[in-house]
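Undergrad:
Protein chains: 2
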Amino acid sequence: MVVHDREPFNAESPRAALRDRETPLDAFYSRNHGPIPRIDPASWRLAVDGLVERPLALSLDELRARFPETEVVATLQCAGNRRAGLIEVRDIPGEDPWGPGATSTARWTGVRLADVLAAAGLRAGAGHVAFAAPDVSQLAHPPQPYGGSIPVAKAVGPEVLLAWAMDGRPLPRVHGGPLRAVVPGWIGARSVKWLERITAQADPSANYFQATAYRVLPPEADPSAAGPGDGISLGPVALNCDILSPEADTRLPPGPTLITGYALAGDDRAVARVDVSLDNGATWTQAELDPQNGPWTWQHWRTRLDLPEGTVLITARAWDSTGAAQPESPAHLWNPKGYANNSWARLRLACRP
Amino acid sequence: MVVHDREPFNAESPRAALRDRETPLDAFYSRNHGPIPRIDPASWRLAVDGLVERPLALSLDELRARFPETEVVATLQCAGNRRAGLIEVRDIPGEDPWGPGATSTARWTGVRLADVLAAAGLRAGAGHVAFAAPDVSQLAHPPQPYGGSIPVAKAVGPEVLLAWAMDGRPLPRVHGGPLRAVVPGWIGARSVKWLERITAQADPSANYFQATAYRVLPPEADPSAAGPGDGISLGPVALNCDILSPEADTRLPPGPTLITGYALAGDDRAVARVDVSLDNGATWTQAELDPQNGPWTWQHWRTRLDLPEGTVLITARAWDSTGAAQPESPAHLWNPKGYANNSWARLRLACRP
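Chains as they are written, first to last, in full-length UniProt numbering: chain Y, 1 to 353; chain B, 1 to 353.
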């Protein structure tokens, strides 16, 4: 793991670990805003309340017994993924320089949030489903437990889980055990870990991490002065890709070289094509797309190109199912908190015999 | 109207007509692939067949009597909108140089496709809903009536209509009367006019305009050799915007000048921000967003900037609700049929006192 902080613990997957269709459990990225809570599964209960007909309080055993078990393979991606590319444009003080590894894929087991909401009975006026956790973040203003929300339309999708297992093993504490939300296709921040409370409500969560953080502010904004509602609130992940091999800043012999990477289209869109260029986008070669592991995962891609001698810049970009492509330059996407960098992927190499 | 062809009739809305929240009926863009059919509403019937429990044959009166009347204000946008910007990069023989006016907004009245499909009873295995029309296109290979399809997940959305009225008036023949599909947020090609048959089926339509046309081919492809399944099939519209005032290539005095335009996010996304630049994207001013006329319409925007003397290049770009922005350059989006140009909007002016 590439560890950015010890407390709160923030670490990204190394590029090599991202080459598997499912990320090894011990290499799955970890993004935290406070201390990792220690929860006693025996006394833990999940509360479901707010705009519901029948508030619930469920133990893990009750949750498992009452609702059908469901498995979804899903990629999670942090909104700060690839922030390093924005920091190269202009510094972003106080935020970690995540590379492409704030992204990982796992097989999640749990129950559908939709089934739990149906059992509770959503009442008229329920527009959003808020998640609350016990980890108090000192980074929030004021310090508060972590939380967030998603609109009801997403919450009732069959892909949204309350998960107690990851790759067939009990959900590790660092990944939200005993229970977390898994919201495929949305920024990882909405897949709330150590889930304790689900509240149906009219409006999005007023929690700091929904109302103020995880927002694209205009370049001239002062993030320390940003208040609730400022900027673009992030939900679905934007189309993105990065290069996984060869390794960056390595020395390779010139000649035919396998270039691989991942792409992710976000929410209900699909990756339709990935192009790779050796001349900064003047000409492109279409990469081959690997078989995809279900609709909620990344799309691995590969191509073999003849690398010339000297300094080589490899560029990659993805297209989605609307015929849209990633934007070219991180300079035009720079924002004060460094979110949603989905500019072309670039990797520099020295090719010498 | 800016008329591109008389036969088949293809004409776009002038920029001035796009400044209204709803486009005047006589200025709504018209995109056709064959002669405009003359249909006798008295003998016309809509067939609903394929993977359904109860095939239907409905007159217009039966359709109106049997299902609740619904109104949706929706923007339609042709996949070839703003092709002119791609043609400036490299010629696209045989395709019309549409400007920003292959886009218009109307208030549509009809019934929900979802209600009609529910009455027919979709059978297991129905993945797509195909639309068929009688207008035979000589541009198809081989010549054939126009058709297309949308996935069932979109077809059952409350926004998808079978419409018989536009702005409260009977649907004009040129816009698909007596009945057309209206698929908000998707390329106009799927809002099939002169609708005669709706078929539930496992796969997308095999019609030329679904299987072969309306696809983003890679730049090196020979479009005359493209076959079914090649390229990226277009469905949801990609994030886009253009500048509506001042008029292009006009001469204006320097000084504070109102700049307006439209933006469209496509399908279930929203326009979150629009930026305007006078220095080709080095710095941006956030435009003010007008009140939006419902979730399925474009987003008008406006800002007042101090234009300097000399040649002025105004640039605009939109951001959507995923925090994604439009890509910079049409050169990187060029494709052999000229679809889905959603690069930054640019408008050149001469400012002289």
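Where is the CB? At the ideal position from N, CA and C, for every residue including glycine.
By Cβ distance, which residues of its chain are closer than 6 Å to Asn81 of chain Y, with the 5 residues on each side in sequence left out?
TA: Here residue 81 of chain Y corresponds to residue number 81 of the first sequence, with the count starting at 1. Cβ neighbours of Asn81 of chain Y beyond the five flanking positions: Trp98, Ala102, Thr103.
Undergrad: Out of B:His175, B:Ala118, B:Ala282, B:Gly323, state which residue places its alpha-carbon closest to the alpha-carbon of Asp49 of chain B.
TA: Position 49 of the second sequence, counting from 1, holds the residue named residue 49 of chain B. Ranking the options by Cα distance to Asp49 of chain B, first place goes to B:Ala118.
Undergrad: Tell me whether Arg66 of chain Y is buried or exposed, calling it buried when 16 or more other Cβ atoms sit within 10 Å of its Cβ.
TA: Working through the first sequence from its first residue, we reach residue 66 of chain Y at position 66. Exposed: under 16 other Cβ atoms inside 10 Å.
Undergrad: By DSSP's criteria, Thr103 of chain Y is part of a beta bridge. Which residues make up the other side?
TA: Taking the first sequence and counting its residues from 1, one reaches residue 103 of chain Y at position 103. Bridge partners of Thr103 of chain Y: Y:Gln77.
Undergrad: Pull up the DSSP beta-bridge partners for Ala132 of chain B, would you.
TA: On the second sequence, residue 132 of chain B is found 132 positions in, with the first residue counted as 1. According to DSSP, Ala132 of chain B bridges with B:Gly147, B:Arg197.
Undergrad: State the start and end residues of the unbroken beta strand (DSSP E) segment that holds Phe209 of chain Y.
TA: Counting from 1 along the first sequence, the entry for residue 209 of chain Y is found at position 209. No beta strand (DSSP E) contains Phe209 of chain Y, which is instead part of the alpha helix (DSSP H) from 208-211.
Undergrad: For Asp222 of chain B, name the three-state secondary structure that DSSP assigns.
TA: Sequence index remark: in the second sequence, residue 222 of chain B carries index 222 (1-based). Correct three-state label for Asp222 of chain B: coil.
Undergrad: Quick one: residues in its chain with C-beta nearer than 8 Å to the C-beta of Arg38 of chain B, no 5 flanking neighbours on either side, listed in chain order?
TA: The count along the second sequence starts at 1 and reaches residue 38 of chain B at position 38. Hits under 8 Å: Arg173.
Undergrad: At the 8 Å Cβ level, is Leu239 of chain Y part of the contact set with chain B, yes or no?
TA: Here residue 239 of chain Y refers to the residue found at position 239 of the first sequence. Answer yes: the Cβ-Cβ gap between Leu239 of chain Y and chain B drops below 8 Å somewhere.
Undergrad: By the criterion of Cβ-Cβ separation under 9 Å, what are the contact partners of residue 354 of chain Y in chain B?
TA: Because chain Y in this structure spans residues 1 to 353, residue 354 of chain Y falls outside the shown range and cannot be described.
Undergrad: Is there a Cβ of chain Y sitting closer than 8 Å to that of Val81 of chain B, yes or no?
TA: On the second sequence, residue 81 of chain B is found 81 positions in, with the first residue counted as 1. Strictly speaking, residue 81 of chain B in this sequence is Asn, with Val absent from that position. No, because no Cβ of chain Y sits closer than 8 Å to the Cβ of Asn81 of chain B.
Undergrad: Looking only at its chain, what residues have a beta carbon closer than 7 Å to the beta carbon of Asp306 of chain B, apart from the 5 residues adjacent to it on each side?
TA: As a first step, residue 306 of chain B must be located in the second sequence, where it is residue number 306. Excluding residues within five positions, the ones whose Cβ falls inside 7 Å are Gly255, Pro256.
Undergrad: Starting from Ile259 of chain Y, trace the alpha helix (DSSP H) both ways and give me its first and last residue.
TA: For the purposes of this step, residue 259 of chain Y is identified with residue 259 of the first sequence, where counting begins at 1. Per DSSP, Ile259 of chain Y belongs to no alpha helix (DSSP H); it is in the beta strand (DSSP E), 255-264.
Undergrad: Can you list, in chain order, the residues of its chain with a C-beta nearer than 7 Å to that of Pro178 of chain B? Leave out the 5 residues immediately preceding and following it.
TA: Indexing the second sequence from 1 puts residue 178 of chain B at position 178. Correct list, in chain order: Ile39, Pro41, Trp44, Leu60, Trp164, Leu171.
Undergrad: Starting from the Cα of Lys337 of chain B, find the closest Cα among B:Ala189, B:Arg215, B:Ala287 and give me that residue.
TA: Here residue 337 of chain B refers to the residue found at position 337 when the second sequence is read from its first residue. Among B:Ala189, B:Arg215, B:Ala287, the Cα nearest to that of Lys337 of chain B belongs to B:Arg215.
Undergrad: By a C-beta neighbour count over all protein chains shown, 10 Å radius and 16 as the cutoff for buried, is Ala287 of chain Y buried or exposed?
TA: The residue given as residue 287 of chain Y occupies position 287 in the first sequence. Classification for Ala287 of chain Y: buried.
Undergrad: Could you say which of Y:Ala248, Y:Val274, Y:Pro236 lies nearest to Gly231 of chain B if we only look at CA atoms?
TA: Translated into positions along the second sequence, residue 231 of chain B becomes position 231. Among Y:Ala248, Y:Val274, Y:Pro236, the Cα nearest to that of Gly231 of chain B is on Y:Val274.
Undergrad: In whole angstroms, what separates the C-alpha of Ala329 of chain Y from that of Ser343 of chain Y?
TA: Locating residue 329 of chain Y in the first sequence gives position 329, where the first residue counts as 1. Locating residue 343 of chain Y in the first sequence gives position 343, where the first residue counts as 1. Inspection of the sequence shows that residue 329 of chain Y is occupied by Ser rather than by Ala. If you take the alpha carbons of Ser329 of chain Y and Ser343 of chain Y, they lie about 5 Å apart.
Undergrad: Determine the direct distance from the alpha carbon of Val73 of chain Y to that of Pro295 of chain Y, and round the result to whole angstroms.
TA: For the purposes of this step, residue 295 of chain Y is taken as residue 295 along the first sequence, with counting starting at 1. For the purposes of this step, residue 73 of chain Y is taken as residue 73 along the first sequence, with counting starting at 1. In a straight line, the C-alpha of Pro295 of chain Y is about 8 Å away from that of Val73 of chain Y.
Undergrad: Strictly below 8 Å CB to CB, what residues from chain B border Leu278 of chain Y?
TA: Residue mapping note: residue 278 of chain Y aligns to position 278 of the first sequence, counting from 1. Within 8 Å Cβ-Cβ: nothing; Leu278 of chain Y doesn't reach chain B, min ~15 Å.
Undergrad: According to DSSP, which residues form a beta bridge with His300 of chain Y?
TA: As a working note, residue 300 of chain Y is residue 300 in the first sequence. Paired residues: Y:Tyr262.
Undergrad: In its own chain, which residues sit with a C-beta less than 7 Å from the C-beta of Val136 of chain B, not counting the 5 before and 5 after it?
TA: Mapped onto the second sequence, residue 136 of chain B falls at position 136. Closer than 7 Å at the Cβ level, and outside the excluded window around Val136 of chain B, lie Gly34, Pro143, Gln144, Pro145.
Undergrad: Quick one: does Thr75 of chain Y have its CB under 8 Å from some CB of chain A?
TA: Of the chains in the structure shown, none is chain A; the protein chains are Y and B.
Undergrad: Please compile the residues from chain Y whose C-beta is within a distance smaller than 8 Å of the C-beta of Gln286 of chain B.
TA: Residue mapping note: residue 286 of chain B aligns to position 286 of the second sequence, counting from 1. Chain Y residues near Gln286 of chain B: Pro218.
Undergrad: Does the beta carbon of Pro228 of chain Y come closer than 8 Å to any beta carbon on chain B?
TA: The sequence position of residue 228 of chain Y within the first sequence is 228, counting from 1. Chain B, which has no Cβ nearer than 8 Å to the Cβ of Pro228 of chain Y, makes this no.
Undergrad: Would you mind giving the Cβ-Cβ distance between Leu76 of chain B and Gly188 of chain B, rounded to the nearest angstrom? I have them listed as a contact below 8 Å.
TA: In the second sequence, counting from the first residue as 1, residue 76 of chain B sits at position 76. In the second sequence, counting from the first residue as 1, residue 188 of chain B sits at position 188. Indeed they touch by this definition, with Cβ atoms about 4 Å apart.
Undergrad: Report yes if the C-beta distance between Ala79 of chain Y and Ala263 of chain Y is below 8 Å; otherwise report no.
TA: Within the first sequence, the letter at position 79 stands for residue 79 of chain Y. Within the first sequence, the letter at position 263 stands for residue 263 of chain Y. For Ala79 of chain Y and Ala263 of chain Y, no; Cβs fall outside 8 Å.
Undergrad: Provide the residue(s) that pair with Asp249 of chain B in DSSP beta bridges, ordered along the chain.
TA: What you label residue 249 of chain B is simply residue 249 of the second sequence in a count that begins at 1. DSSP, once it has assigned bridges, lists no residue as partnering Asp249 of chain B.
Undergrad: Along chain B, which residues have their Cβ under 8 Å away from the Cβ of Ala340 of chain Y?
TA: To locate residue 340 of chain Y, count along the first sequence from 1; it is residue 340. Per Cβ cutoff of 8 Å: Thr322, Gly323, Ala324.
Undergrad: Taking C-beta pairs closer than 7 Å, name the residues in chain Y that Leu333 of chain B reaches, listed in chain order.
TA: Counted from its first residue, the second sequence places residue 333 of chain B at position 333. Under the 7 Å cutoff, chain Y gives Ala325.
Undergrad: Any idea if Arg317 of chain Y is buried or exposed, counting beta-carbon neighbours within 10 angstroms, 16 or more meaning buried?
TA: Stepping through the first sequence from its first residue, residue 317 of chain Y is reached at position 317. By the 10 Å Cβ count, Arg317 of chain Y comes out buried.
Undergrad: Rounded to whole angstroms, what is the Cα-Cα separation between Ile259 of chain Y and Val312 of chain Y?
TA: For the purposes of this step, residue 259 of chain Y is taken as residue 259 along the first sequence, with counting starting at 1. For the purposes of this step, residue 312 of chain Y is taken as residue 312 along the first sequence, with counting starting at 1. Cα to Cα, the separation comes out at about 13 Å.
Undergrad: So is Glu328 of chain Y in contact with chain B if we call contact Cβ pairs under 8 Å?
TA: On the first sequence, residue 328 of chain Y is found 328 positions in, with the first residue counted as 1. Interface residue, yes.
Undergrad: In the DSSP output, which residue or residues are listed as bridge partners for residue 355 of chain B?
TA: The displayed coordinates of chain B run from 1 to 353. Any statement about residue 355 of chain B would go beyond what the structure contains.
Undergrad: Report the partner residues of Gly110 of chain Y according to the DSSP bridge assignment.
TA: Within the first sequence, numbered from 1, the residue matching residue 110 of chain Y stands at position 110. For Gly110 of chain Y, which the question treats as bridged, DSSP gives the partners Y:Thr70, Y:Ala163.
Undergrad: With 16 as the cutoff for other CB atoms within 10 Å, does Ser105 of chain B come out buried or exposed?
TA: The residue labelled residue 105 of chain B in the question sits at position 105 within the second sequence. The question names Ser, yet the displayed sequence has Thr at residue 105 of chain B. With 16 or more Cβ atoms within 10 Å of its Cβ, Thr105 of chain B is classed as buried.
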